[in-house]
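Encoded as structure tokens, the structure appears first; notes follow it.
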Amino acid sequence: MTMVTEQAVVVDEVTTPRAERPRRVVLKLSGEVFGGGAVGVDPDVVQGIARQIATATRRGVQIAVVVGGGNFFRGAELQKRGMDRNRADYMGMLGTVMNCLALQDFLEKEGIETRVQTAITMAQVAEPYIPLRAIRHLEKGRVVIFGAGAGMPYFSTDTVTAQRALEIHADLVLMSKNGVDGVYTADPRTDPDARKIDHITFASVLQQGLRVADQAAFSLCEENGLPMLVFGAQGDDTIVRAVSGEKIGTLITT
């Protein structure tokens, strides 16, 4: 998602330090990353993501993951081609579960215990989503992967990420973006004067019309004082750096 505004942008004049290493995070990964830009799952890409998550987990950070399904289906796009939106969204939810199972497989190959919890019951492959059970898994050092979105149509995985983070009492939402490494004052791909913003408040993002995440997800984080870190998906250590509290991407706070 490109971070663009048509208005003049004023970057917050704040010197807030980067957050210390969080104890518990919810990491949003786009389906497009899993597919390596193509339809399906790229095993090399997923293996690389799993290695980063495994490294961060061994350092003591509790990590839950929400995975998109854009490498298989996008409900809104299928609707444009004539499909019923409800049915198209459910297909997208099933796509997220396929990504969840792929990530689980590679994480367990890295020696990390992993549980998949889904908002749609499918007992043969995953547990049902139960917040207290998810918290218990995290406390035991397991990675929890949330699949099937919210289990209802019309809800984006961005919104699910914020909602899950609040329910399991996460310290930080990590929004991993494909093709951009943070929030910019304009589209960096078309505007050579675009500047990357290191830190900004939720209020300023709304005031300046910056596109950061799904509006419902953003509102949930703002209303509940839950920080959000927007960073790039590309790189061999971006996830590790993000959960370690390093200066990476754009930190959005109250």
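Taken in order, the sequence shown gives residues 1 to 254; the numbers are from the UniProt record's numbering. Note that beta-carbon positions come from the ideal geometry of N, C-alpha and C, so glycine has one too. Every value quoted in this text rests on a predicted model; they were computed, and no experiment measured them.
- Going by beta carbons, Gly209 and Thr254 fall outside the 8 Å limit.
- Between Asp89 and Tyr154 the beta-carbon gap is near 7 Å, inside 8 Å, which marks them as a contact.
- Taking 8 Å as the upper bound for CB-CB distance, Ala50 and Phe106 are in contact here, some 4 Å apart.
- In the three-state DSSP reduction, Ala64 falls in the strand class (E or B).
- Within 10 angstroms of the beta-carbon of Asp158 lie 16 or more other beta-carbons, which makes it buried.
- Per DSSP, His137 has no beta bridge partner at all.
- For Glu32, the closest C-alpha among the options Val61, Val67, Glu246, Val25 is that of Val67.
- Beyond the five residues adjoining it in sequence on each side, Arg195 comes within less than 6 Å, by CB distance, of Thr185 in the same chain, given in chain order.
- Below 8 Å, too few C-beta pairs join the region 169-180 and the region 118-129 to call them touching: fewer than three.
- Where Leu101 is concerned, the enclosing alpha helix (DSSP H) starts and stops at 85-109.
- Of the residues Ser219, Phe231, Pro192, the one whose Cα lies closest to the Cα of Leu166 is Ser219.
- In the structure shown, Thr161 falls within a helical segment according to DSSP collapsed to helix, strand and coil.
- Classified as exposed, Ala203 has fewer than 16 neighbouring CB atoms from the shown chains inside 10 Å of its CB.
- Going by DSSP, Ile239 is part of the alpha helix (DSSP H) stretching over 238-243.
- Taking Thr114 as the centre and dropping the five residues before and after it, the same chain places the C-beta of Gln104, Leu107, Glu108, Arg142, Val143, Ile145 closer than 7 Å to its C-beta, in chain order.
- Take the alpha-carbon of Thr161 and the one of Glu127: they are about 18 Å apart.
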